[in-house]
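Q: Questions regarding the structure given below will be posed in turn.
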């Protein structure tokens, strides 16, 4: 494959006799972002898990360049309670055999970037929800992923912390330009963080809407008419009854 | 402040115990139950004696060696059974069939197999404590939240890294608690194992003094053995607090 992009083709997933996902296709170019939005329990997380290689598809396929590294932020952050902030952050590097001094330097600069300085000796249980999520983001970013996958990363946070962390994620993206995908059920979040927005829904879940988002990453447009119009379209798509799978659109 | 508070309560409890003991001594007379001050005095004197110190060291070495051995065998095995369901399916029926057996009844068998020396005693104590550590460690791993395994898989480590970074730290709190709780049983089994076919150890000292009708020496032995049990319990407790600090912080919430 010559193009650097993630391709998902006609992906379906069954759990026993239960169809969860049906014929989901899309592609995500390098350095871009996709917000997947849909009602709770519709199979969004399953889709992400399949892309991350944590689950297998019943049919269809996912493709990405071989050299791409992925990182996954789980819904409940997946920090290890027996490791301090510093050890949690260093773990991906340690698993890959990165030396102690290099690890120390990488963790220190990550602590600084995420505003976690002074908390490195704490255990996850001693942190607030927002701080814990920062650590989870840091642990995902420290291995320099080409594709960052996030399952409802900010769902458990209050509105202000959530906005802070959305900005933080965006700044991290501006520095690194990795591709990222997030699953959310928050329409405003999808419109702020998704360069592309995909609405899925129905039983089994299919792709209901694919949007290019001009408001992506623009804090100034957060409360603009344009972004409200987008949110309205997403809302309408979410409330629409299930329709047959749409044709593949050109999305770049 | 907190440490002083704890210390104060322990001192009060200790004095209360001495008081009950003293009341008992008055009620039963000095032959059945020597007075606490008399025993404490004799015990302090006996500590200057190499014979008493030798018995204490013998007992301590046996029980500590046995607990270390139990932990070294049962902890990895518990992790294996907890994590590998397929192995667990075949091994755990065997474990649970033999778990309720009082292992001490095997002492004569062990003496025959492993001789009258320390080995048979250490093995019987290790077997008793090891079972508890094994069962608790296995359950600890089985109850491990699957999200930690998922999180580790997303980081892409090897199986041996999984053991080191996830399974061992996750299972340690339950294993340390089991070790601590089983220390009482360990000392009880030690007493049984030392009460015959040996000339060393506190168990021997106690039974020997009892046979000779030397109440004071017998109580010195009982006191030594109680303190040995207490010391082992406290060592386990402190080790648990240091190694599993995160768990304590979690429980405090």
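Residue numbers (this note's numbering), protein chains in the order written: chain S, 138 to 389; chain R, -14 to 238.
Where a beta carbon is used, it is the ideal one built from N, C-alpha and C, also for glycine.
Are residue 165 of chain S and residue 158 of chain S close, meaning C-beta to C-beta below 8 Å?
A: One-based indexing of the first chain puts residue 165 of chain S at position 28. One-based indexing of the first chain puts residue 158 of chain S at position 21. No, Cβ-Cβ distance for residue 165 of chain S and residue 158 of chain S is not below 8 Å.
Q: Who are the near neighbours of residue 209 of chain S in its chain, counting only those whose CB is closer than 6 Å to its CB and skipping five residues on each side?
A: Counting from one through the first chain, the residue named residue 209 of chain S turns up at place 72. Cβ neighbours of residue 209 of chain S beyond the five flanking positions: 189, 286.
Q: Would residue 106 of chain R and residue 38 of chain R be called neighbours here (beta carbons separated by less than 8 Å)?
A: Position 121 of the second chain, counted from the first residue, corresponds to residue 106 of chain R. Position 53 of the second chain, counted from the first residue, corresponds to residue 38 of chain R. By the CB criterion at 8 Å, residue 106 of chain R and residue 38 of chain R fall outside the cutoff.
Q: Taking residue 288 of chain S as the query, report the chain R residues whose CB atoms sit under 7 Å from its CB, ordered along the chain.
A: What you label residue 288 of chain S is simply residue 151 of the first chain in a count that begins at 1. For a Cβ distance threshold of 7 Å, nothing in chain R lies close to residue 288 of chain S: the least Cβ distance comes to about 10 Å.
Q: What separation, rounded to the nearest whole angstrom, lies between the Cα atoms of residue 239 of chain R and residue 178 of chain R?
A: Because residue 239 of chain R is not part of the residues shown, which for chain R are -14 to 238, the question remains open.
Q: Please report the residue range of the beta strand (DSSP E) in which residue 210 of chain S lies.
A: Here the question's residue 210 of chain S lines up with position 73 in the first chain. Counting along the chain, the beta strand (DSSP E) containing residue 210 of chain S begins and ends at 207 to 210.
Q: Would you say residue 109 of chain R and residue 91 of chain R are within 8 Å of each other, going by their C-beta atoms?
A: Residue mapping note: residue 109 of chain R aligns to position 124 of the second chain, counting from 1. Residue mapping note: residue 91 of chain R aligns to position 106 of the second chain, counting from 1. A contact, by the Cβ cut-off of 8 Å.
Q: State yes or no: is the C-beta of residue 212 of chain R nearer than 7 Å to some heavy atom of the ligand GDP?
A: Judged by which ligands are present, the structure shown has none, so any question about the ligand GDP falls away.
Q: Less than 8 Å separating the beta-carbons of residue 225 of chain R and residue 161 of chain R?
A: Start at 1 with the first residue of the second chain, and residue 225 of chain R comes out as number 240. Start at 1 with the first residue of the second chain, and residue 161 of chain R comes out as number 176. It is a contact, given that the beta carbons lie within the stated cut-off.
Q: Cα separation between residue 320 of chain S and residue 227 of chain R?
A: In the first chain, residue 320 of chain S corresponds to position 183, counting from 1. In the second chain, residue 227 of chain R corresponds to position 242, counting from 1. Cα to Cα, residue 320 of chain S sits roughly 39 Å from residue 227 of chain R.
Q: Is it buried or exposed for residue 237 of chain R, if we count other Cβ within 10 angstroms and need 16 for buried?
A: Sequence index remark: in the second chain, residue 237 of chain R carries index 252 (1-based). By the neighbour-count rule (16 or more Cβ atoms within 10 Å), residue 237 of chain R is not buried but exposed.
Q: Count the other CB atoms, across all protein chains shown, that sit within 10 Å of the CB of residue 204 of chain S; report buried if there are 16 or more and exposed otherwise.
A: Within the first chain, the letter at position 67 stands for residue 204 of chain S. Classification for residue 204 of chain S: exposed.
Q: Just curious, the alpha helix (DSSP H) that residue 160 of chain S is in, first and last residue?
A: Translated into the one-based positions of the first chain, residue 160 of chain S becomes position 23. From DSSP, residue 160 of chain S is part of no alpha helix (DSSP H) but of the beta strand (DSSP E) over 155 to 166.
Q: Using 8 Å for Cβ pairs, my map puts residue 127 of chain R next to residue 67 of chain R. What's the rounded Cβ distance?
A: For the purposes of this step, residue 127 of chain R is identified with residue 142 of the second chain, where counting begins at 1. For the purposes of this step, residue 67 of chain R is identified with residue 82 of the second chain, where counting begins at 1. Right, the Cβ-Cβ distance comes to about 5 Å (below 8 Å), so this counts as a contact.
Q: Could you name the residues that DSSP lists as bridge partners for residue 333 of chain S?
A: The residue you call residue 333 of chain S lines up with position 196 of the first chain. Answer by DSSP bridge pairing, in chain order: S:171, S:349.
Q: To which residues of the same chain is residue 72 of chain R closer than 7 Å at the C-beta, ignoring the five residues directly before and after it?
A: In the second chain, the residue the question calls residue 72 of chain R occupies position 87. Cβ neighbours of residue 72 of chain R beyond the five flanking positions: 65, 66.
Q: Please confirm if residue 217 of chain S has its CB atom under 8 Å from at least one CB of chain R.
A: If you number the first chain from 1, residue 217 of chain S lands on position 80. So yes, residue 217 of chain S belongs to the interface.
Q: May I ask you to verify whether the stretch 27 to 44 of chain R touches the stretch 145 to 161 of chain R, counting CB pairs closer than 8 Å and requiring at least 3?
A: no
Q: What does the alpha-carbon distance come out to for the pair residue 383 of chain S and residue 332 of chain S?
A: Stepping through the first chain from its first residue, residue 383 of chain S is reached at position 246. Stepping through the first chain from its first residue, residue 332 of chain S is reached at position 195. Confidence at residue 383 of chain S is low in this model, with a pLDDT of 49, below 50, so its placement is unreliable and the value that follows should be read with caution. When the Cα atoms are used, residue 383 of chain S and residue 332 of chain S turn out to be separated by approximately 20 Å.
Q: Could you list the residues in the stretch 180 to 194 of chain S with a C-beta less than 9 Å from some C-beta on chain R, going in chain order?
A: 186, 189, 190, 191
Q: Out of R:138, R:218, R:85, which has the shortest C-alpha to C-alpha gap to residue 211 of chain S?
A: Translated into positions along the first chain, residue 211 of chain S becomes position 74. Among R:138, R:218, R:85, the Cα nearest to that of residue 211 of chain S belongs to R:138.
Q: Does the distance from the CB of residue 251 of chain S to the CB of residue 305 of chain S come in under 8 Å?
A: Counted from its first residue, the first chain places residue 251 of chain S at position 114. Counted from its first residue, the first chain places residue 305 of chain S at position 168. The answer is yes: Cβ separation under 8 Å.
Q: Hey, does residue 142 of chain R have any beta-carbon neighbour from chain S nearer than 8 Å?
A: Counted from its first residue, the second chain places residue 142 of chain R at position 157. Interface residue, yes.
Q: Going along chain R, which residues have a C-beta under 7 Å from residue 263 of chain S?
A: Sequence index remark: in the first chain, residue 263 of chain S carries index 126 (1-based). Going along chain R in sequence order, the residues near residue 263 of chain S (Cβ under 7 Å) are 234.
Q: So, does the stretch 343 to 359 of chain S touch the stretch 193 to 200 of chain S, judging by three or more C-beta pairs under 8 Å?
A: no
Q: Label residue 296 of chain S either buried or exposed according to how many other C-beta atoms from any shown protein chain fall within 10 Å of its C-beta, with 16 as the threshold for buried.
A: For the purposes of this step, residue 296 of chain S is taken as the residue at position 159 of the first chain. Exposed, by the Cβ-count rule.
Q: According to DSSP, is residue 190 of chain S part of a helix, a strand, or is it coil?
A: Locating residue 190 of chain S in the first chain gives position 53, counting from the first residue. Coil at residue 190 of chain S, not helix or strand.
Q: Could you tell me the distance, in whole angstroms, from the CA atom of residue 311 of chain S to the CA atom of residue 275 of chain S?
A: Start at 1 with the first residue of the first chain, and residue 311 of chain S comes out as number 174. Start at 1 with the first residue of the first chain, and residue 275 of chain S comes out as number 138. Straight-line Cα distance between these residues: approximately 15 Å.
Q: Nearest to residue 227 of chain S by CA position, among S:178, S:273, S:298, is which residue?
A: One-based indexing of the first chain puts residue 227 of chain S at position 90. The residue from S:178, S:273, S:298 with its alpha-carbon nearest to that of residue 227 of chain S is S:273.
Q: What's the C-alpha gap between residue 280 of chain S and residue 328 of chain S?
A: Sequence index remark: in the first chain, residue 280 of chain S carries index 143 (1-based). Sequence index remark: in the first chain, residue 328 of chain S carries index 191 (1-based). Going by the C-alpha atoms only, they are around 27 Å apart.
Q: Output needed for residue 139 of chain S: all residues of its chain with C-beta closer than 8 Å, excluding positions within five of it in sequence on either side, in chain order.
A: As a working mapping, residue 139 of chain S is identified with position 2 in the first chain. Reliability fails at residue 139 of chain S, whose pLDDT of 48 lies under 50, so the model's placement of it is uncertain and the value that follows must be treated cautiously. Counting only Cβ-Cβ distances below 8 Å, and skipping sequence neighbours, we find nothing.
Q: At the 8 Å Cβ level, is residue 260 of chain S part of the contact set with chain R, yes or no?
A: Taking the first residue of the first chain as position 1, residue 260 of chain S is located at position 123. Residue 260 of chain S counts as touching chain R.
Q: Tell me whether residue -12 of chain R is buried or exposed, calling it buried when 16 or more other Cβ atoms sit within 10 Å of its Cβ.
A: The residue given as residue -12 of chain R occupies position 3 in the second chain. Classification of residue -12 of chain R: exposed, given that the 10 Å Cβ count is below 16.
Q: So residue 283 of chain S and residue 185 of chain S are in contact, right, with Cβ under 8 Å, and what is the actual spacing, rounded?
A: By 1-based counting over the first chain, the position of residue 283 of chain S is 146. By 1-based counting over the first chain, the position of residue 185 of chain S is 48. Not quite, the Cβ-Cβ distance comes to about 16 Å (not below 8 Å), so this is no contact.
Q: Assign residue 289 of chain S to one of three DSSP states: helix, strand, or coil.
A: Taking the first residue of the first chain as position 1, residue 289 of chain S is located at position 152. Residue state, collapsed to three classes: coil.
Q: What are the boundary residues of the alpha helix (DSSP H) that includes residue 192 of chain R?
A: Sequence index remark: in the second chain, residue 192 of chain R carries index 207 (1-based). Taken as a continuous stretch (DSSP letters only), the alpha helix (DSSP H) holding residue 192 of chain R covers 187 to 197.
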